[in-house]
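Reviewing the structure listed below.
2 protein chains.
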Amino acid sequence: MQTLVYAFIIVNLALALFEDPAVVPLPIWATSTIEIICLSAFSVRMVHYAKVIPKDKFWKDPKNICIIVVVTLSFIDLTMYGALKSTGYFALRWSRVLRPLLLVNVTEGRQLRRAFRSIRNALPQISYVFLLFMFSVLVFSLVALKLFGKRGLLTIDGSPYFTDYLDIVFDLYVLVTTANSPDVMMPAYNYSVFFTIFFILYIVINTYTFMSFFLAVVYSNYKKHLKEEVRQLVKARRFKMCRAFSLLQEARGEGGEPVVTQAKWNHLVKLVKPNISIAHRELLWSVLDDQNKGHIGKFAFVQLADLLSIQVITVKSQPHPIQIRFPSMYNSPVSRFIRYVVHQRMFVYVYDLIILVNAVFIGLDEENPVVSNAEWGFLALYMLEIILKLYATEPRAFFARHHFWNCRQILDIIFVLRVLRLVRLVDSIKRSDSYSQMLNKSGLFHCCPLQVVYYIFAMVGMELFKGKVQFFEPNSTSRDQEYCGNPLLKGTTFAKLNYCKNNFNNVISSFIVLLELTVVNQCGFTAVTHISARIFFVLFHIVVVIIIINIFVAFILEAFLVEYTIDKSDLQTSLEKKIEELELNVQQYVPFKPAIKLFD
Amino acid sequence: MQTLVYAFIIVNLALALFEDPAVVPLPIWATSTIEIICLSAFSVRMVHYAKVIPKDKFWKDPKNICIIVVVTLSFIDLTMYGALKSTGYFALRWSRVLRPLLLVNVTEGRQLRRAFRSIRNALPQISYVFLLFMFSVLVFSLVALKLFGKRGLLTIDGSPYFTDYLDIVFDLYVLVTTANSPDVMMPAYNYSVFFTIFFILYIVINTYTFMSFFLAVVYSNYKKHLKEEVRQLVKARRFKMCRAFSLLQEARGEGGEPVVTQAKWNHLVKLVKPNISIAHRELLWSVLDDQNKGHIGKFAFVQLADLLSIQVITVKSQPHPIQIRFPSMYNSPVSRFIRYVVHQRMFVYVYDLIILVNAVFIGLDEENPVVSNAEWGFLALYMLEIILKLYATEPRAFFARHHFWNCRQILDIIFVLRVLRLVRLVDSIKRSDSYSQMLNKSGLFHCCPLQVVYYIFAMVGMELFKGKVQFFEPNSTSRDQEYCGNPLLKGTTFAKLNYCKNNFNNVISSFIVLLELTVVNQCGFTAVTHISARIFFVLFHIVVVIIIINIFVAFILEAFLVEYTIDKSDLQTSLEKKIEELELNVQQYVPFKPAIKLFD
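The listed protein sequences derive, respectively, from chains F and W.
25 is the number of the first residue of the first sequence in our numbering; add one for each residue after it.
25 is the number of the first residue of the second sequence in our numbering; add one for each residue after it.
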C-alpha cells in the first residue's frame with residue numbers, strides 16, 4: 025500500500041515532464057486522465073484512512089485536511105483548465121504548485137515533514153534577522169540614492185546609474201548574493217575612489233555579517249531541534265526497554281531486586297538479532313554481567329540497545345590455506361619476507377604512488393602508443409597487488425577487511441571506468457579519519473526539502489517564463505539565435521554569453537536554471553518579462569540560499585563537531601576492555617561511535 | 025614608547041603609498057630616508073630590549089629573531105635596490121612583503137599574534153581537508169577531460185573547451201568560488217542535458233560540501249582555541265584573586281578559617297574602582313555577605329572580579345523639576361494623561377512609524393516643494409518628541425537612558441546627515457535583543473589578520489601587475505581606453521565591462537581589487553601576464569576566503585550561540601534578587617551578560 029501511494033505521488037509529480045511546457049509532449053486528455061487517476065487514488069486512500077481512524081482524530085490532523093484541500097483544488101483547477109482550454113481561453117494550471125504538498129503530507133513522509141518542521145521552527149528568528157537585514161539594505165539604498173543619484177553617472181549599458189530607489193534596492197540585494205560584483209560598483213569607482221568606502225561598508229555589513237547571522241540563526245535552531253529530537257528518541261527507547269525489563273524480570277538478586285537471567289536474555293537477543301554469533305552474544309553478556317552473577321539488573325539491561333549498535337566484526341583466526349597444504353614452502357624465509365613486506369605500511373604507500381602515476385597517464389594523450397601500453401602495465405601491477413595480498417592474508421580476513429576495494433578491483437579488471445580507480449587513494453587517506461561516516465546517516469534527508477522547493481519554484485517559473493527564451497541548436501541558421509529568439513534580449517549579456525539554454529521551457533531545464541540560481545543568482549530573465557519578475561528571484565534566494573543551503577551547512581557543521589568532540593562512550597570502552605581481557609585481536613573490532621550518546 | 029613604535033610601524037607600512045607604484049609619488053631618496061629612519065628606530069629598540077631582557081631569553085624568543093631578520097633583510101634589499109637603480113638595472117623591492125611581520129611581531133601586538141596563532145593551530149586540519157578537496161577537484165578534472173576533451177566543443181570566446189588538463193583544473197577551481205558559474209557549464213549543457221549531471225555533482229560535492237567542511241574545521245578549531253584561552257584567563261584571574269585573599273585574610277571565622285573583613289574589602293574596592301558609589305559598593309557587599317556576618321570567606325571574595333564586571337546603573341529617584349516648581353499644574357489630569365501617553369510603548373511605535381514615513385520622503389524627489397517642506401514638519405515632530413520626553417521623564421534619567429539618541433537628535437537639528445536619522449529605527453528594534461553587544465568585544469580584532477594578508481598580497485600583486493592595466497578618465501580621447509591601455513586585453517570581457525580601474529597600480533586600488541577578489545574571484549588579470557599568475561589568485565582565495573573569512577563566520581557563529589545559550593550567571597541572579605529585596609527599581613539596572621562564565 026505504501027509503495028502504491030508513493031508510486032501515485034511520483035507519477036503525479038512526474039506529470040510535469042509531459043504537461044505543457046513539456047519535455048515529452050503528451051496531449052492534454054492523456055495527462056488529465058493520468059492526473060485524475062492519481063487524484064482519485066489519493067481520495068480513495070483518504071476515505072479509507074478516515075474509516076480506520078477515529079473521526080475527531082482524523083479531522084484534527086492538519087495533514088489530512090491539507091491533502092483533502094490539495095486534492096479538491098487540483099480537481100477544480102483541472103476542470104477549469106479543461107473548460108477554458110476547450111473554449112479557447114487562456115488557462116493556467118496553478119494547482120501544480122501544490123503537488124509537492126502531497127508528498128510532504130502523506131503519513132509516510134515523516135522524515136520530510138520533520139525537516140520542514142525544523143525549518144518552520146527557525147522561521148521566526150530568521151524573519152527577525154531578515155527584517156534587520158532588509159532594513160539595512162533599504163537604508164544603504166537611500167544613502168546610495170543621495171550619493172549617486174544626482175551625479176549623472178552611467179552604467180556600462182549606458183543606462184542611468186543609481187537613480188531609481190527600487191532599482192538600487194534590487195541591485196544592492198543582488199550584491200549580497202555576490203552575482204553583480206564588482207560591476208555594480210564600477211561606475212562609482214571610476215568617478216571617485218572614495219565612493220568605494222560605501223560599497224566596502226555594504227559588503228562587510230550585508231554580504232558577510234548578515235549572511236553569517238542567517239547561518240548562525242539556522243545553525244542554532246538546527247542544533248536545538250536535533251538535541252530535542254534525539255532526547256525524545258533516547259527517552260522513548262529507555263521507556264520501552266524498561267517495559268521489556270518489567271516483562272522479563274525475576275526477583276532473584278541479593279536484595280530481592282528484579283533481575284533478568286542469562287537464559288532469558290540470550291533468548292531475547294536471539295529473537296532481536298538472529299544472525300548474531302554465539303561468541304559475540306557471550307561477549308556482550310560478559311560486558312553487561314561483569315561480575316559473573318548469571319543475571320543482570322535493570323541498569324545493565326537497558327543498555328542492550330546501545331550495546332547491539334556497536335559493530336563488532338568477528339574473524340576466526342585460521343591458518344592460510346597454502347600454509348595447510350605446503351607448510352614448508354609457506355614458512356620459508358623468502359615467503360616470510362614477502363608476507364612481511366605486504367603487511368608493511370610502505371607497501372600501501374607504494375601502491376598509492378602507482379595509482380597517482382596512473383592518474384597522470386590517464387591525463388596524458390590516449391592515442392600515444394606508450395600511454396595505452398602503460399595501461400596494461402598498470403593493470404598487471406594491480407593484479408600483482410591482489411595476488412600478493414591474497415597470499416599474505418587469510419582469504420576470509422582479506423575479504424572482510426577490504427570488502428569494498430576488492431569489488432573495485434574487479435571493476436578495474438573489467439576496465440569499465442578507469443578514472444574511478446583513483447578513488448582508491450581517497451580510501452587510503454580516509455582510513456585514518458572518519459569524515460565519510462558522518463554523511464552516512466542523514467545527508468540525503470536534508471536534500472529532500474530542497475527538491476520540494478525546487479519543484480514549486482520550477483512550476484511558478486515555467487508559468488512565468490515559458491517560451492520567452494528559446495534555444496537554437498548550434499548549427500541552426502535562424503537569425504533569432506543571436507538573441508535567444510526574443511527581441512527583448514537583443515544586446516544583453518544574457519544573449520551575448522549564450523545563456524539561451526538557461527530557460528524555463530520544461531521541467532528539466534527549469535531545475536538546471538534553479539541550480540544555477542542557487543550558485544549565483546544571475547537574473548537575466550527580468551529582461552523578458554515585467555520587472556516585477558525580480559520578486560521571483562529574490563524569493564528564490566531567500567528560501568533556497570538563506571534557509572535551505574544554510575541548513576545543509578548547519579548539518580555538516582554539527583556532524584563535524586560531533587565527530588570531533590565526542591569521547592568514546594563508556595559502553596564501548598568496557599566492551600573493548602573485555603575484548604582485550606579475552607585476548608582477542610582488538611584490531612578486528614571496528615569501533616562504531618554511537619552518535620546518540622553525546623546528546624544525553 | 026609604545027606609541028612611538030606603532031607610529032614608526034605605521035609610517036613604514038604607509039610608505040607603500042609613496043613608493044613606486046605610488047598614489048602620491050615621492051623621489052626614491054625621500055622614501056629610502058624615511059625607511060632607513062624607521063628601520064634604525066626598530067634596531068635601536070631591539071638593542072634596548074636586548075639590554076633589558078636576559079640574553080638567553082631574548083634569543084629564545086622567535087618574535088625578536090623575526091624582527092631582526094626582517095630589519096636586516098630590509099636593509100639589504102634597500103641597499104641592493106639603491107645600487108641596482110643607480111646603475112640602471114631592473115630592481116625589485118621584495119622586502120616590502122615582510123613589513124607587516126613587524127606589526128605582528130612587536131611585543132605589543134599580542135592580540136594580532138593570538139589571531140595568527142589561532143590560524144596556525146587550524147592549519148593542519150585545514151590542509152588535510154584541502155588535500156581531500158584538491159584531490160576531488162583533480163579527479164573531477166580528469167573525468168571532465170575524458171568526457172569533453174574529444175568532442176571539439178568551443179567556449180563563447182571560440183577557444184577549445186576543456187581540452188587542457190591544467191586549464192580544466194583551474195576552471196573547476198574557479199567554479200568553487202562560483203565566479204564562472206554558469207559560463208563554464210554552458211558549452212557542455214548546450215551539447216547535451218546529461219552533461220549537467222557532472223556539473224551538478226561537482227557543485228554539490230566541491231562548492232557546497234567541501235566549502236562547508238572548511239568552515240566546520242575552522243569553526244571547531246576556533247571554538248577549541250577560544251575555550252582554552254578563556255579557561256587560562258579565568259584560571260589566572262582566580263589564582264591572582266586567591267593571592268590577594270591570602271594577603272588580606274584574617275583568622276576570624278567561626279571555625280577560625282581565614283576571612284576578609286568588610287573594612288578591608290571596602291578599602292580594596294575603593295582602590296580598584298574609585299568612581300563606584302557607596303550605595304553600589306554596599307549593594308555588592310550585601311550580595312557577597314548574604315548572612316550579614318561582616319566578613320566573607322575565600323569563595324565569596326574570589327567572585328569580586330565577576331561582580332564588578334556586572335554593569336549597574338544607579339539612578340537617583342528625584343521628582344521632576346517642573347513638579348517641584350508647579351506641582352498643581354504637573355499633577356493636573358491633562359498633564360498626567362500626557363505623561364501616561366509618553367511612557368506608553370505605543371508612543372515609541374508611532375514615532376518609529378513617523379521615521380519610516382520620513383524615510384519614504386527622503387527617498388522621494390528633493391526638488392519637489394512639498395517634499396522639502398515636509399522636512400520641516402518632520403523636524404518639528406522630532407522636536408516635539410524631545411520636549412514631551414523631557415516633560416515626562418526626570419531629565420537626568422532621560423539622559424542616562426537615551427544617552428546616544430539624544431546626541432543623535434542634536435545632530436538631527438543641525439541637519440547634517442538626514443539619512444542617518446533612520447538608524448534610530450534599528451535602535452528600537454535592537455533594544456529587545458542584543459545582536460550588537462556580541463560584536464563589541466572582538467569584532468575588530470578579527471579583521472586585523474585580514475589587513476595583514478591584504479597588505480602582503482597587495483605588495484606581491486603590485487610587483488606582478490603594476491602598470492599592466494591603465495585607467496583612462498571617461499572624457500579621455502585616447503584610443504587605448506577601449507582595452508585599458510594593454511593590447512592583450514583587446515576584446516576580453518575585462519575590458520568590455522570597463523574594469524580598467526581594477527588594477528594594481530597603487531596600494532589603494534590594490535586593496536580595492538583584493539576586496540573584489542574576496543567577494544568574487546574574477547581573474548581577468550591572467551590575460552596581461554603569464555598564465556602562472558593564476559597561482560596568485562588561487563593562493564589568495566585559499567588564504568582569504570577559505571581561512572580568514574571562515575574565521576570571521578566562526579566568530580559570528582560562536583558569538584551568536586553564546587548569546588542564545590547562556591543562562592544568567594548565578595552571581596547576576598543573586599544580585600538582581602538583592603536589588604529586588606532592597607526595593608530598588610530593577611529596570612534601572614542594565615544586566616550585562618558576562619560571556620566568560622559559560623566557558624567554565
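C-beta: ideal position from N, C-alpha, C; glycine also.
query: Interface positions of the segment 228-242 of chain F facing chain W (Cβ-Cβ less than 9 Å), listed along the chain; result: V228, T231, Y232, T233, M235, S236, F237, L239, A240, V241
query: Whole alpha helix (DSSP H) elements within the segment 174-254 of chain W, 4-residue minimum; result: 189-200, 210-215, 220-226
query: W:F42 in three-state terms, based on DSSP; result: coil
query: Start and end residues, alpha helix (DSSP H) containing F:V543; result: 531-543
query: Residues in the segment 109-143 of chain F having any Cβ partner in chain W nearer than 7 Å; result: none
query: Straight-line Cα distance separating W:F219 from F:N574; result: 27 Å
query: Residues that F:V284 bridges to, as DSSP identifies them; result: F:I320
query: Residues, ordered as in the chain, of the segment 186-208 of chain W that lie near chain F by beta-carbon distance below 7 Å; result: Y189, T202, S205, P206, D207
query: Interface flag, W:N392 vs chain F, CB-CB below 9 Å; result: no
query: Any 3 or more C-beta pairs closer than 8 Å across the segment 562-578 of chain F and the segment 502-514 of chain F; result: no
query: Sub-9 Å separation of W:T231 and W:V200 beta-carbons; result: yes
query: Spatially closest choice to W:K492 from W:D504, W:S205, W:Y226, W:L377, by CA coordinates; result: W:D504
query: F:E391 in three-state terms, based on DSSP; result: coil
query: Residue range of the alpha helix (DSSP H) that includes F:I91; result: 86-110
query: Residues of its chain near F:Y243, where Cβ-Cβ distance is below 7 Å and the 5 sequence neighbours each way are ignored; result: A578, L581
query: Nearest residue (CA-CA) to W:R117, options W:Q149, W:N129, W:E43, W:E274; result: W:E43
query: Simplified DSSP state of W:E418, which is helix, strand or coil; result: coil
query: Beta-carbon spacing of F:S205, W:E252 below 9 Å; result: no
query: Where W:E497 sits in the DSSP three-state scheme; result: coil
query: Close Cβ partners of F:V537 (< 6 Å) along its chain, the five nearest in sequence each way excluded; result: N526
query: Three CB pairs or more closer than 8 Å across the segment 246-262 of chain W and the segment 300-313 of chain W; result: no
query: For W:D313 and W:N88, the rounded distance between their alpha carbons; result: 49 Å
query: Given W:I92 as reference, the closest of W:K109, W:P78, W:V76, W:F66 once Cα atoms are compared; result: W:F66
query: Cutoff 9 Å: F:I378 Cβ touching any chain W Cβ; result: no
query: The alpha helix (DSSP H) enclosing F:W53, as first and last residue numbers; result: 52-76
query: Chain-ordered residues of the segment 503-535 of chain F with a beta carbon less than 7 Å from chain W; result: L521, N522, Y523, K525, N526, I532
query: W:Q327 - containing alpha helix (DSSP H), residue span; result: Careful: W:Q327 lies outside any alpha helix (DSSP H) and carries neither H nor E.
query: Distance cut-off 8 Å: W:K288 Cβ against heavy atoms of the ligand NAP; result: No copy of the ligand NAP appears in this structure; indeed no ligand is present at all.
query: Residues bridged to W:E274 (per DSSP); result: W:V283
query: Close beta carbons around F:S502, own chain, < 7 Å, minus the five adjacent residues each side; result: F496
query: Closest residue to F:I411 among F:R363, F:R141, F:V374, F:V384 (Cα-Cα distance); result: F:R363
query: Residue span of the alpha helix (DSSP H) that contains F:F480, given as start and end; result: Note that residue 480 of chain F is Ile in the sequence shown, not Phe. That run of the alpha helix (DSSP H) goes 472-489.
query: Nearest-angstrom Cα separation, counted from W:A46 out to F:L177; result: 27 Å
query: Chain W within 9 Å of F:M25, Cβ atoms only; result: no
query: Own chain residues within Cβ distance below 8 Å of W:A482, not counting five before or after; result: A40, F528, V531, S534, F535, L538
query: Close Cβ partners of W:N167 (< 8 Å) along its chain, the five nearest in sequence each way excluded; result: The sequence as given places Val at residue 167 of chain W; Asn does not occur at that position. These residues qualify, in order along the chain: F222.
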